[in-house]
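Residues 1 to 124 in UniProt numbering are what the sequence shown spells out, letter by letter. Beta carbons are placed, not taken as given, at the ideal position from N, Cα and C, and that holds for glycine. Please read all numbers here as calculations on a predicted model, not as lab measurements. Just below is one structure, and these are the notes that go with it.
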Amino acid sequence: MIYGIGVDVTDLARIQAAQKKNSGFAVKILTPTELANYQQLDGRRAVEYLSGRFSAKESYSKAFGTGLGKVALQDVEILNNELGKPILTKHPFSGQAFVSISHSETLVFTEVILEKEGPERDDR
Numbered sequence: 001m002i003y004g005i006g007v008d009v010t011d012l013a014r015i016q017a018a019q020k021k022n023s024g025f026a027v028k029i030l031t032p033t034e035l036a037n038y039q040q041l042d043g044r045r046a047v048e049y050l051s052g053r054f055s056a057k058e059s060y061s062k063a064f065g066t067g068l069g070k071v072a073l074q075d076v077e078i079l080n081n082e083l084g085k086p087i088l089t090k091h092p093f094s095g096q097a098f099v100s101i102s103h104s105e106t107l108v109f110t111e112v113i114l115e116k117e118g119p120e121r122d123d124r
């Protein structure tokens, strides 16, 4: 049963500007493993990676129903499998979590679906 769905659209230029203004920006958003992956990238691909992870974590917090105030960015980790598919490898939800990340020239769009066995959520 679907527990929650979250979507987000983030402007790549906004994330790039934030990273240029504050060199610690990526450290706030990314887990140590994500950060190591990010540091292997450069140019546009680095901006896409950082923007995608930020947006996906925002989508996750919406699907979880709390927003980023109650879910720390470090509580959620998104790594790629051997085929390059993004996978939520760490998160506070007890069920299954699915993520999709898509980029255009200027935007990143993400969606997270949380699925749990059992009765529907009682807060709807």
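Contact under 9 Å by Cβ, residue i with residue j
i, j, result
"Y49", "L88", "no"
"F109", "D8", "yes"
"F64", "L12", "no"
"T33", "E77", "yes"
"H103", "G69", "no"
"I15", "K57", "no"
"E117", "M1", "yes"
"K62", "D75", "no"
"S55", "I101", "yes"
"N37", "L73", "no"
Which residues DSSP lists as bridging residue i, in chain order
i, result
"I5", "I113"
"T31", "Per DSSP, none; premise fails for T31."
"D11", "L107"
Beta-carbon separation (whole angstroms), residue i vs residue j, contact threshold 8 Å
i, j, result
"V99", "P86", "5 Å"
"L35", "A46", "In fact, because the Cβ distance is near 11 Å, the residues do not count as touching under 8 Å."
"G95", "Y3", "6 Å"
Counting only runs of 3+ residues fully inside the segment 62-111, write out the beta strand (DSSP E) ranges in chain order.
-> 77-80, 86-90 and 96-103
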